[in-house]
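A.B. asks: Here you go, one structure.
2 protein chains.
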Amino acid sequence: MQEDRRLAVLRAIVEDYVSTEEPVGSKALVERHGLNVSPATVRNDMAAREEEGYLTQPHTSAGRIPTDKGYRLFVDRLSTVKPLSVAEKRAISTFLDGAVDLDDVVQRSVRLLSQLTRQVAVVQYPTLSRSTVRHIELVALAPERVLVVLILSTGRVEQRVVDLSTPLSDEELARLRSRLNLAATGEIIADAVSSLRALGEDPSAGSAATVAKVLVEAMSDHRSDHRVAVGGTANLARFGDNFDTAVRPLLEALEEHVVLMRLLGEATASGTVTVRIGAEGPYEELASTSVVTTGYGPQDEALATLGIVGPTRMDYPGSMAAVRAVARYVSRILDEA
Amino acid sequence: MQEDRRLAVLRAIVEDYVSTEEPVGSKALVERHGLNVSPATVRNDMAAREEEGYLTQPHTSAGRIPTDKGYRLFVDRLSTVKPLSVAEKRAISTFLDGAVDLDDVVQRSVRLLSQLTRQVAVVQYPTLSRSTVRHIELVALAPERVLVVLILSTGRVEQRVVDLSTPLSDEELARLRSRLNLAATGEIIADAVSSLRALGEDPSAGSAATVAKVLVEAMSDHRSDHRVAVGGTANLARFGDNFDTAVRPLLEALEEHVVLMRLLGEATASGTVTVRIGAEGPYEELASTSVVTTGYGPQDEALATLGIVGPTRMDYPGSMAAVRAVARYVSRILDEA
DNA sequence: GACTGGCACTCGCTCCGGGGGAGTGCCAGT
DNA sequence: ACTGGCACTCCCCCGGAGCGAGTGCCAGTC
Chain P
138 MQEDRRLAVL RAIVEDYVST EEPVGSKALV ERHGLNVSPA TVRNDMAARE EEGYLTQPHT
198 SAGRIPTDKG YRLFVDRLST VKPLSVAEKR AISTFLDGAV DLDDVVQRSV RLLSQLTRQV
258 AVVQYPTLSR STVRHIELVA LAPERVLVVL ILSTGRVEQR VVDLSTPLSD EELARLRSRL
318 NLAATGEIIA DAVSSLRALG EDPSAGSAAT VAKVLVEAMS DHRSDHRVAV GGTANLARFG
378 DNFDTAVRPL LEALEEHVVL MRLLGEATAS GTVTVRIGAE GPYEELASTS VVTTGYGPQD
438 EALATLGIVG PTRMDYPGSM AAVRAVARYV SRILDEA
Chain S
138 MQEDRRLAVL RAIVEDYVST EEPVGSKALV ERHGLNVSPA TVRNDMAARE EEGYLTQPHT
198 SAGRIPTDKG YRLFVDRLST VKPLSVAEKR AISTFLDGAV DLDDVVQRSV RLLSQLTRQV
258 AVVQYPTLSR STVRHIELVA LAPERVLVVL ILSTGRVEQR VVDLSTPLSD EELARLRSRL
318 NLAATGEIIA DAVSSLRALG EDPSAGSAAT VAKVLVEAMS DHRSDHRVAV GGTANLARFG
378 DNFDTAVRPL LEALEEHVVL MRLLGEATAS GTVTVRIGAE GPYEELASTS VVTTGYGPQD
438 EALATLGIVG PTRMDYPGSM AAVRAVARYV SRILDEA
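The listed protein sequences derive, respectively, from chains P and S. Counting from 138, one number per residue, gives the positions in the first sequence under the working numbering. Counting from 138, one number per residue, gives the positions in the second sequence under the working numbering.
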């Protein structure tokens, strides 16, 4: 059918353009893909597609390139999931299995993702908010100075140094420790915050109040929510010539963690890969970049987001497959820890 | 004197070239700097300088640009230390004073440095090797599973999960904890490693041996020695046109921490700023980049290196001043912690 | 009605040659 | 030792010509 072929043409154009980075013309299209029609027919189809807004020409009498809308259709309806090769799967497991702690997992994931997709990879650290308190530890640095260490179920560790108004003996410290742990250990962050806050506002609690306040602060410190690892920026070299219009704004965005978080968007349920194409994203300057993300976390609860950022002209099926595979694997690792 | 003026000419050329990014000619030079001689004289001087290898011409009948050797002379003998402005100093202190932990200090330093110099900033995390053990904490996750937390004097925290062959009661855990702390707390890493290693090889030590082994591994884990924070890569946009020959190799180098460490070189005594110009560095691909570094650490002991990386055509006095100032300030903060 | 072959046309890319200009090297003069 | 003058070099910019990939359209065929 005509309609089928038109879709096939759109798909072929996207694929060719992604691999050659050049506008694709009717003749080349017929040759490279086994379309059993003449270039003239394809031209008509392309004209129709352009009419509908899926394609454009950089200038009259040049080949066509997909528009954002064209990519959208491609991603939604035309791309078949590209399964990873065995070698790639093995690479993922061997690479990630060697990780020793959370930091290491995140760093390895970033590197892995950027290598698999040859794009810039972004991995958000698991959020505090939904994790639970595993343990609170106090270490006396001096009689009036205590190191407070907060250990969370995701494996994250936060630490603060606290100066107290009165010196604390070892026994008092131990008592304080068990008191705090009693109040917080095992609790989800939100609950721990509220019970500690009560303690922090109790004027009779003394040192306990001071420490509790610091803990509350550490727990609600959204700075750590915004922690992300970025890797593979060297891949931006393949972005094309337009350094100032495309690469520089992207590099800037990658450094601003707040901006980056917005770019990543809400963590979507693990398993569902989100694709944001060009102008669909929140930043005008990044109109020529796309973002492919998914959520991950233990028990497939989407505690954080991970994904890649690249030119709208990217290999969507491959990127989506890689992002999903890495997210799955990382989630499994977090399950074990 | 003739000789003095020739030096002045060299300095002027470096300064002008750095700010304009264009080969500088005799006429412009005389005008911009108050040299009381004619362009012809300057031309003679420049020819002499070129003869000696301090200057080159991109092509005959163009202005001169400094060679690496020219920059070297400039850095060694011609540049006056450019004191930071009051605003800059204040920026440093306000920016760094808000830091809550080691990670935060490092991250803020990177950002600060890149903003001050408008170059790529690199800050190495303080090495484990010369720091001391502040505390070892054990947290029971399950009867046979323990979270081991190692806290070092630099404020760094390492953690590992250990599976034991036999379950451990709370009392046993407490005993193990104090035993380990007795052996390691207060010791310099190297000493702690040797006493723990003895424990780890004692077949009668049971669980203690298992945990000790993990601790030894964590302490001698050089991975963390190579941890670095990088920032300001967007500044590479100002590197000029030669993306493939200059920017891409640099981006790649910045991602490979091992490479990066070599690029930073040995930590030099705090206060001494090291400048590596172009081909003086260890990598051919980075022939057009310079590195400005210095050591930092508590008590001005050079535990780690920080600095900036940029084109050979950079503002050396400004960069050196900024690097030194930030290193000093960070060292002071580490003293307090 | 869908497809095809043919044809005129468009328009970016590359190459080429000529002017303009910044800068140089050199030399004779002070 | 320095300067003014002058001829020369060579990059850079510009406009025009030629090329070629690709298009749109139209008349013709199944």
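Every residue gets a Cβ at the ideal spot worked out from N, C-alpha and C, and that includes glycine. Predicted, not measured: the structure shown is a model, and the values here were computed from it.
Below 6 Å CB to CB, which residues in the same chain sit around P/Gly368 once its five sequence neighbours on both sides are set aside?
C.D. replies: Excluding residues within five positions, the ones whose Cβ falls inside 6 Å are Val247, Arg248, Ser251, Ala258.
A.B. asks: Taking only the alpha-carbon atoms, compute the straight-line gap between S/Ala236 and P/Ala145 and give it to the nearest angstrom.
C.D. replies: The alpha-carbon atoms of S/Ala236 and P/Ala145 are separated by roughly 56 Å.
A.B. asks: Quick check on the burial criterion: 16 or more other C-beta atoms within 10 angstroms. Buried or exposed for P/Glu159?
C.D. replies: Exposed, by the Cβ-count rule.
A.B. asks: Please tell me whether S/His363 has its Cβ less than 8 Å away from any Cβ of chain P.
C.D. replies: No, S/His363 lies away from the interface with chain P (no Cβ there is under 8 Å from its Cβ).
A.B. asks: Mind checking which residues open and close the alpha helix (DSSP H) that includes P/Tyr466?
C.D. replies: Segment 453-473, the alpha helix (DSSP H) holding P/Tyr466.
A.B. asks: For S/Leu373, tell me which candidate among S/Ala390, S/Pro448, S/Thr347, S/Arg413 has the shortest Cα-Cα distance.
C.D. replies: Answer by Cα proximity: S/Pro448.
A.B. asks: Starting from the beta carbon of P/Asp381, find every residue of chain S whose beta carbon is closer than 8 Å, and list them in chain order.
C.D. replies: Neighbours of P/Asp381 on chain S, chain order: Ala374.
A.B. asks: By the criterion of Cβ-Cβ separation under 8 Å, what are the contact partners of S/Gln296 in chain P?
C.D. replies: Residues of chain P passing the Cβ test: Asp238, Ile288, Gly292, Val294.
A.B. asks: Do you know how far the Cα of S/Phe376 is from the Cα of S/Thr409?
C.D. replies: One C-alpha to the other measures close to 27 Å.
A.B. asks: For S/Ser306, name the three-state secondary structure that DSSP assigns.
C.D. replies: If DSSP states are grouped into helix, strand and coil, S/Ser306 belongs with coil.
A.B. asks: Does the segment 415-427 of chain P come into contact with the segment 174-189 of chain P, if we say contact requires no fewer than three beta-carbon pairs (one atom in each stretch) closer than 8 Å?
C.D. replies: The segment 415-427 of chain P, when compared against the segment 174-189 of chain P, does not touch it at the 8 Å Cβ threshold.
A.B. asks: For the segment 269-279 of chain P and the segment 316-327 of chain P, state whether three or more C-beta atom pairs, one from each stretch, are separated by less than 8 Å.
C.D. replies: Yes, the segment 269-279 of chain P touches the segment 316-327 of chain P.
A.B. asks: When the Cα atoms are used, what is the spatial distance from S/Phe380 to P/Ala390?
C.D. replies: Roughly 19 Å separates the two Cα atoms.
A.B. asks: Counting beta carbon pairs with one atom in the segment 300-309 of chain S and one in the segment 319-331 of chain S, are three or more of them shorter than 8 Å?
C.D. replies: At 8 Å Cβ cutoff, the stretches do not touch.
A.B. asks: So, using beta-carbon positions, are S/Leu440 and S/Thr264 closer together than 8 Å?
C.D. replies: For S/Leu440 and S/Thr264, yes; Cβs fall inside 8 Å.
A.B. asks: Using a Cβ-Cβ cut-off of 6 Å (strictly less than) and excluding sequence neighbours within five positions of S/Met398, which residues of its own chain qualify?
C.D. replies: Hits under 6 Å: His363.
A.B. asks: Please classify P/Glu168: is it buried, with 16 or more other beta-carbons within 10 angstroms of its beta-carbon, or exposed?
C.D. replies: Its Cβ having fewer than 16 others within 10 Å, P/Glu168 is exposed.
A.B. asks: Quick check on this structure: which residue in S/Ala462, S/Leu471, S/Ser468 has the alpha carbon closest to the alpha carbon of S/Arg227?
C.D. replies: With distances taken between Cα atoms, S/Arg227 lies closest to S/Ala462.
A.B. asks: Using a C-beta cutoff of 8 Å, does P/Thr370 count as contacting chain S?
C.D. replies: Answer yes: the Cβ-Cβ gap between P/Thr370 and chain S drops below 8 Å somewhere.
A.B. asks: Please return the same chain residues whose Cβ sits closer than 8 Å to the Cβ of P/Ala327, not counting the five positions on each side in sequence.
C.D. replies: Once the five neighbours on either side are set aside, the close Cβ partners of P/Ala327 are Ser266.
A.B. asks: Can you give the beta carbon distance from S/Thr430 to S/Val396, rounded, assuming they're within the 8 Å contact cut?
C.D. replies: Contact doesn't hold; Cβ gap of about 15 Å is too wide.
A.B. asks: Have a look at P/Glu392 and S/Thr370 and give me their C-alpha separation to the nearest angstrom.
C.D. replies: If you take the alpha carbons of P/Glu392 and S/Thr370, they lie about 8 Å apart.
A.B. asks: Out of S/Ser198, S/Glu140, S/Ile288, which has the shortest C-alpha to C-alpha gap to S/Val161?
C.D. replies: For the residues S/Ser198, S/Glu140, S/Ile288, the minimum Cα distance to S/Val161 belongs to S/Ser198.
A.B. asks: Is the segment 207-225 of chain S in contact with the segment 323-339 of chain S, if contact means three or more CB pairs nearer than 8 Å?
C.D. replies: No contact exists between the segment 207-225 of chain S and the segment 323-339 of chain S.
A.B. asks: Nearest to S/Ala383 by alpha carbon, out of S/His394, S/Val446, S/Gly207, S/Met457?
C.D. replies: When only C-alpha atoms are compared, the closest one is S/Val446.
A.B. asks: Between S/Leu401 and chain P, is there a C-beta pair that is closer than 8 Å?
C.D. replies: Taking Cβ atoms only, chain P never reaches closer than 8 Å to S/Leu401, which makes this a no.
A.B. asks: Contact criterion: CB-CB distance below 8 Å. Does P/Arg413 meet it with respect to chain S?
C.D. replies: It does not: the Cβ of P/Arg413 has no partner Cβ on chain S nearer than 8 Å.
A.B. asks: Residues in its own chain within less than 8 Å of S/Ile414 by CB, not counting five upstream and five downstream?
C.D. replies: Here the set comprises Asp205, Tyr208, Arg209, Val212, Ser427, Thr449.
A.B. asks: Is P/Asp300 helix, strand or coil by DSSP?
C.D. replies: P/Asp300: strand per DSSP, three-state reduction.
A.B. asks: Is DSSP giving P/Tyr154 helix, strand or coil here?
C.D. replies: Helix at P/Tyr154.
A.B. asks: Helix or strand or just coil, what does DSSP make of S/Tyr433?
C.D. replies: Three-state DSSP puts S/Tyr433 in a strand.
A.B. asks: List, in order along the chain, the chain P residues whose C-beta lies closer than 8 Å to that of S/Glu188?
C.D. replies: Ordered by position in chain P, no residue passes the 8 Å Cβ test against S/Glu188, which lies about 37 Å from the chain.
A.B. asks: Grouping DSSP H, G and I as helix and E and B as strand, with all else coil, what is P/Val351?
C.D. replies: Here P/Val351 sits in helix by DSSP.
A.B. asks: For a test of the three-state rule: what should DSSP assign to P/Arg209, helix, strand or coil?
C.D. replies: Of the three classes helix, strand and coil, the one that applies to P/Arg209 here is helix, per DSSP.
A.B. asks: Could you round the C-beta distance between S/Leu233 and S/Val467 to whole angstroms and report it? I think they count as a contact, below 8 Å.
C.D. replies: Indeed they touch by this definition, with Cβ atoms about 7 Å apart.
A.B. asks: Residues of chain P with a CB under 7 Å from the CB of S/Val276: which are they?
C.D. replies: Those are Arg271, His272, Ile288, listed as they occur along chain P.
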